[in-house]
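What the sequence shown shows, in my numbering, is residues 13 to 146, in sequence order.
Each residue gets a CB set at the ideal place from its N, CA and C atoms; glycine is no exception.
Accompanying notes for the structure given below.
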Amino acid sequence: METSGRTRANGRARWTLIAGVAVAIGSIGAWAATGATVFSRVEDPEITRANESQGELGALFEGTGINDTLGEMERVDSRFTFGLLPTGPGLAALSVATSALPALAISAGLAGIRTAGRQRAGALPGEPDARGND
Numbered sequence: 013m014e015t016s017g018r019t020r021a022n023g024r025a026r027w028t029l030i031a032g033v034a035v036a037i038g039s040i041g042a043w044a045a046t047g048a049t050v051f052s053r054v055e056d057p058e059i060t061r062a063n064e065s066q067g068e069l070g071a072l073f074e075g076t077g078i079n080d081t082l083g084e085m086e087r088v089d090s091r092f093t094f095g096l097l098p099t100g101p102g103l104a105a106l107s108v109a110t111s112a113l114p115a116l117a118i119s120a121g122l123a124g125i126r127t128a129g130r131q132r133a134g135a136l137p138g139e140p141d142a143r144g145n146d
């Protein structure tokens, strides 16, 4: 069974779009798995060290009664999150916007170019084009 040129071109365009959608779904999955935050964050070793030493700092003021009214000191979140938007260069530039949107745009553009190229060849549906493809 021979496959026509149109079927092959439509199949390639379809797989190109599917690849772009798969990258977008993967990006959204990573976003959800890392906390579904608006902005991307990268773990900062200094903040992690400060969070670990807060127990020591709290022990210094334990007898003063300061924790009775203010409560425990808050810890600053320092874990990696894959956000919707980037926050800077390097790893902080990884986000849904910088991975999913370009993948979708490129795949849609490539699929459109393939489809437009076939239409420019002058083929109507069911008619062979200039190269003899159905």
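So is residue i buried or exposed if we call it buried at 16+ other beta carbons inside 10 Å?
{"i": "T76", "result": "exposed"}
{"i": "F51", "result": "exposed"}
{"i": "G95", "result": "buried"}
{"i": "L106", "result": "buried"}
{"i": "R53", "result": "buried"}
{"i": "G124", "result": "exposed"}
Whole angstroms are fine: how far does the CA of residue j sit from the CA of residue i?
{"i": "L28", "j": "L113", "result": "A small fix is needed here, since residue 28 is Thr in this sequence, not Leu. Roughly 14 Å between the two C-alpha positions."}
{"i": "G47", "j": "S90", "result": "12 Å"}
{"i": "R61", "j": "L122", "result": "48 Å"}
{"i": "F92", "j": "D56", "result": "9 Å"}
{"i": "R26", "j": "E64", "result": "51 Å"}
{"i": "A31", "j": "G23", "result": "12 Å"}
{"i": "A115", "j": "V35", "result": "7 Å"}
{"i": "A45", "j": "G38", "result": "10 Å"}
Less than 7 Å separating the Cβ of residue i from some heavy atom of the ligand MN?
{"i": "T110", "result": "Only the bare structure without any ligand can be found here, which leaves the ligand MN out of the picture."}
Which of the three DSSP states, helix, strand or coil, is assigned to residue i?
{"i": "L97", "result": "strand"}
{"i": "S119", "result": "helix"}
{"i": "W27", "result": "helix"}
{"i": "T46", "result": "coil"}
May I ask you to list the residues that DSSP assigns as paired with residue i?
{"i": "S39", "result": "Bridge partners of S39: none, in fact."}
{"i": "F51", "result": "L97"}
{"i": "S107", "result": "G95"}
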